[in-house]
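> Per our numbering, the sequence shown starts with residue 123, numbered consecutively.
Even for Gly, the Cβ is constructed at its ideal location relative to N, Cα and C.
Let me begin by handing over the structure; questions about it come next.
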Amino acid sequence: MNGIPKDKTPGGLLTRRGLLSGAAAAGGVALAAPYYIRPAGAQSAGRVIYATWGGSWEEAIRKAWFEPFTAATGIEVVTAQDNTYGKFQSMVESGTTEWDVVEVNPDFTFIGAKRGLLEPLDFTVINREPIMEGEGFVTEYSVPQVLWSYVLGYNTDLLKTAPSGAVDMFNLTDFAGKRSIYSNPNSSALETALLADGVAPGDLYPMDIDRALAKLDEIRSDLIFYETNAQAQQYVSDGTAAMLIMPDGRAMSAIESGAPVAIQYNQSFMTWSSMVAPKGCPNRENAMKLLAWTMTPEAQAAIANAYTYGPVVPAAFDMIDEARANILSGGPQQQGKFIMLNAEWWAENYEDATERLTEWRLM
């Protein structure tokens, strides 16, 4: 069973920070290595260029999505190479778009749409009815890809009693030990602080950043920041931190490796990755067909069975073993316990939140 890859969480996707650097970022972070998928037993019907993060994730979607899609349609799926943040913007603005489908952070869908970088999707081809409901989940320019969550991961050697939720992240009396959060603010730490301070889930947005940082002041001396998700897994596994706000896939990977780790799903924050079509994409019709394919219960079940991400189509859970379903975001163990991160709010406020958190850390 695979865990969340190092860069496939907010801060490692095609994000608003990279976009805001514009064409000057042409030498920026690569999104994928080249990989070519050949049609298997189907007559060629053109191709679609898919920009992915690469690595084990690319291998998973190749087998779960691309190969069956090509076999059924004859459309070749080619994954992109030399994919940088600046390239996305510069190729659209210069009218030389090379990609057809790109994996992005959900808040990028709002930024990209506002800047005129995205192609409207064809929902006469893509069936949006089976897709899970949620604010910002499906937009004119995007569909969700997979789910993951930020959960409370804790070291069971250090904490013999399970935390109940957000309030215990700040309870150093009954749950003694270091705490850890991601250095990227769009990872539910601010939201968790507000929950612990008494804000109702429905009142989290627009977020009161001052109030959230004031709550974090209460654990400042016991707070450690992690810079990568691999580091989060290490911290919870070796006891560097007793409790962390961390991606569920990394916590599950720690458990599967035999580390003394457990997960509290109550008041977890669910997020997702999205798929978009850059404006002027060269194979728009085939892009819509591929996106439609990925939104079927069968395709969503296939990727959920291959990787520890939850399906965005609830009917896919009917095709997933119960034990596996219980470790996936959106699965039975999380029902009634999760809160959706507000991608639109983060699209508008990410830079300000980042600056404020950075200033707070330096105080």
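#1: Could you give the distance in angstroms between the alpha-carbon of S305 and the alpha-carbon of Y357?
#2: Can at least three beta-carbon pairs, one atom from the segment 370 to 379 and one from the segment 226 to 245, be found at a separation below 8 Å?
#3: On the three-state DSSP scale, how would you describe V200?
#4: Using a 10 Å radius around the Cβ and a threshold of 16 neighbouring Cβ atoms, would you call I303 buried or exposed?
#5: Classify G320: buried if its beta carbon has 16 or more other beta carbons within 10 angstroms, exposed otherwise.
#6: So T201 and E180 are in contact, right, with Cβ under 8 Å, and what is the actual spacing, rounded?
#7: Relative to the alpha-carbon of G463, which residue among S212, E257, F230, G168 has its alpha-carbon at the smallest distance?
#8: Grouping DSSP H, G and I as helix and E and B as strand, with all else coil, what is S375?
#9: Assuming S359 contacts A376 (C-beta within less than 8 Å), just tell me the rounded distance between them.
#10: Pull up the distance between the alpha-carbon of I346 and that of R169, whole angstroms please.
#11: Between the C-alpha atoms of A298 and T393, what's the straight-line distance to the nearest angstrom?
#12: Quick check on DSSP: helix, strand or coil for T283?
#13: Which one of M291, L413, Y272 has the shortest CA to CA distance from K300?
#14: Can you give the Cα-Cα distance for M329 and A424, rounded to whole angstroms?
#15: Alpha carbon to alpha carbon, what distance is there between L243 and K337?
#16: Assuming S286 contacts V398 (C-beta within less than 8 Å), just tell me the rounded distance between them.
#17: Whose C-beta lies closer than 6 Å to the C-beta of A414 among residues of the same chain, with five residues either side of it excluded?
#18: Taking one C-beta from the segment 463 to 481 and one from the segment 441 to 455 each time, how about it: are there three or more such pairs within less than 8 Å?
#19: Check whether the segment 422 to 437 touches the segment 178 to 193, taking contact to mean three or more Cβ pairs, one atom from each stretch, closer than 8 Å.
#20: Thinking C-beta only, is N293 closer than 8 Å to G361?
#21: If you measure between the beta carbons of S396 and V226, is that distance less than 8 Å?
#22: Report yes if the CB atom of N351 is closer than 8 Å to the CB atom of W468, and no otherwise.
#23: Which residue from Q422, G432, M410 puts its Cα closest to that of F245?
#24: Thinking V273 and Q386 are a contact (beta carbons under 8 Å), I'd like their distance in whole angstroms, please.
#25: Nearest by alpha-carbon distance to Q389: which of V224, A288, A334 is it?
#26: Assign A334 to one of three DSSP states: helix, strand, or coil.
#27: Just to confirm before moving on: does the CB-CB distance between A167 and I197 stay below 8 Å?
#28: Apart from the five residues just before and just after L280, which ones in its own chain have a Cβ nearer than 7 Å to its Cβ?
#29: May I have the straight-line CA-CA distance separating A447 from M485, to the nearest angstrom?
#30: Quick one: Cα of P252 to Cα of A322, how far?
#31: For T295, name the three-state secondary structure that DSSP assigns.
So, from the data block:
#1: Reading the sequence shown from its first residue, position 183 is the one you call residue 305. Reading the sequence shown from its first residue, position 235 is the one you call residue 357. So the two alpha carbons sit approximately 14 Å from each other.
#2: no
#3: On the sequence shown, residue 200 is found 78 positions in, with the first residue counted as 1. The answer is strand: DSSP assigns V200 an E or B state.
#4: Residue mapping note: residue 303 aligns to position 181 of the sequence shown, counting from 1. Buried is the call here.
#5: The count along the sequence shown starts at 1 and reaches residue 320 at position 198. Counting Cβ neighbours within 10 Å, G320 comes out exposed, since fewer than 16 surround it.
#6: The residue you call residue 201 lines up with position 79 of the sequence shown. The residue you call residue 180 lines up with position 58 of the sequence shown. Contact holds; Cβ gap of about 6 Å.
#7: Here residue 463 is taken as the residue at index 341 of the sequence shown, counted from 1. The question names Gly, but residue 463 in the sequence shown is Leu. The residue with the shortest Cα to Cα distance from L463 is E257.
#8: Working through the sequence shown from its first residue, we reach residue 375 at position 253. Looking at S375 - three-state DSSP - the assignment turns out to be helix.
#9: Here residue 359 refers to the residue found at position 237 when the sequence shown is read from its first residue. Here residue 376 refers to the residue found at position 254 when the sequence shown is read from its first residue. That pair is a contact at about 5 Å.
#10: Here residue 346 is taken as the residue at index 224 of the sequence shown, counted from 1. Here residue 169 is taken as the residue at index 47 of the sequence shown, counted from 1. Rounded to the nearest angstrom, the two C-alpha atoms are 47 Å apart.
#11: The residue given as residue 298 occupies position 176 in the sequence shown. The residue given as residue 393 occupies position 271 in the sequence shown. Answer to the nearest angstrom: the Cα atoms are 29 Å apart.
#12: Taking the sequence shown and counting its residues from 1, one reaches residue 283 at position 161. T283 falls in the coil class under three-state DSSP.
#13: Here residue 300 refers to the residue found at position 178 when the sequence shown is read from its first residue. When only C-alpha atoms are compared, the closest one is M291.
#14: Residue mapping note: residue 329 aligns to position 207 of the sequence shown, counting from 1. Residue mapping note: residue 424 aligns to position 302 of the sequence shown, counting from 1. Each residue's alpha carbon lies about 36 Å from the other.
#15: Position 215 of the sequence shown, counted from the first residue, corresponds to residue 337. Position 121 of the sequence shown, counted from the first residue, corresponds to residue 243. Straight-line Cα distance between these residues: approximately 41 Å.
#16: As a working note, residue 286 is residue 164 in the sequence shown. As a working note, residue 398 is residue 276 in the sequence shown. Not a contact, Cβ separation roughly 38 Å.
#17: Translated into positions along the sequence shown, residue 414 becomes position 292. If we look at A414 and ignore the five residues flanking it on each side, its Cβ neighbours are V247, I248.
#18: no
#19: yes
#20: In the sequence shown, counting from the first residue as 1, residue 361 sits at position 239. In the sequence shown, counting from the first residue as 1, residue 293 sits at position 171. No. Outside cutoff.
#21: Taking the first residue of the sequence shown as position 1, residue 396 is located at position 274. Taking the first residue of the sequence shown as position 1, residue 226 is located at position 104. It is a contact, given that the beta carbons lie within the stated cut-off.
#22: Locating residue 351 in the sequence shown gives position 229, where the first residue counts as 1. Locating residue 468 in the sequence shown gives position 346, where the first residue counts as 1. No, the pair does not count as a contact, with Cβ atoms beyond the cut-off.
#23: Translated into the one-based positions of the sequence shown, residue 245 becomes position 123. Answer by Cα proximity: M410.
#24: What you label residue 273 is simply residue 151 of the sequence shown in a count that begins at 1. What you label residue 386 is simply residue 264 of the sequence shown in a count that begins at 1. The pair is a contact, with the Cβ atoms about 7 Å apart (cut-off 8 Å).
#25: For the purposes of this step, residue 389 is taken as the residue at position 267 of the sequence shown. Residue A288 is the option with its Cα nearest to Q389.
#26: Position 212 of the sequence shown, counted from the start, is the residue given in the question as residue 334. A334: helix per DSSP, three-state reduction.
#27: Against the sequence shown, residue 167 aligns to sequence position 45. Against the sequence shown, residue 197 aligns to sequence position 75. Cβ atoms of A167 and I197: closer than 8 Å.
#28: Taking the sequence shown and counting its residues from 1, one reaches residue 280 at position 158. Around L280: G299, G361, A364.
#29: Within the sequence shown, numbered from 1, the residue matching residue 447 stands at position 325. Within the sequence shown, numbered from 1, the residue matching residue 485 stands at position 363. Straight-line Cα distance between these residues: approximately 43 Å.
#30: To locate residue 252, count along the sequence shown from 1; it is residue 130. To locate residue 322, count along the sequence shown from 1; it is residue 200. In a straight line, the C-alpha of P252 is about 29 Å away from that of A322.
#31: In the sequence shown, counting from the first residue as 1, residue 295 sits at position 173. If DSSP states are grouped into helix, strand and coil, T295 belongs with coil.
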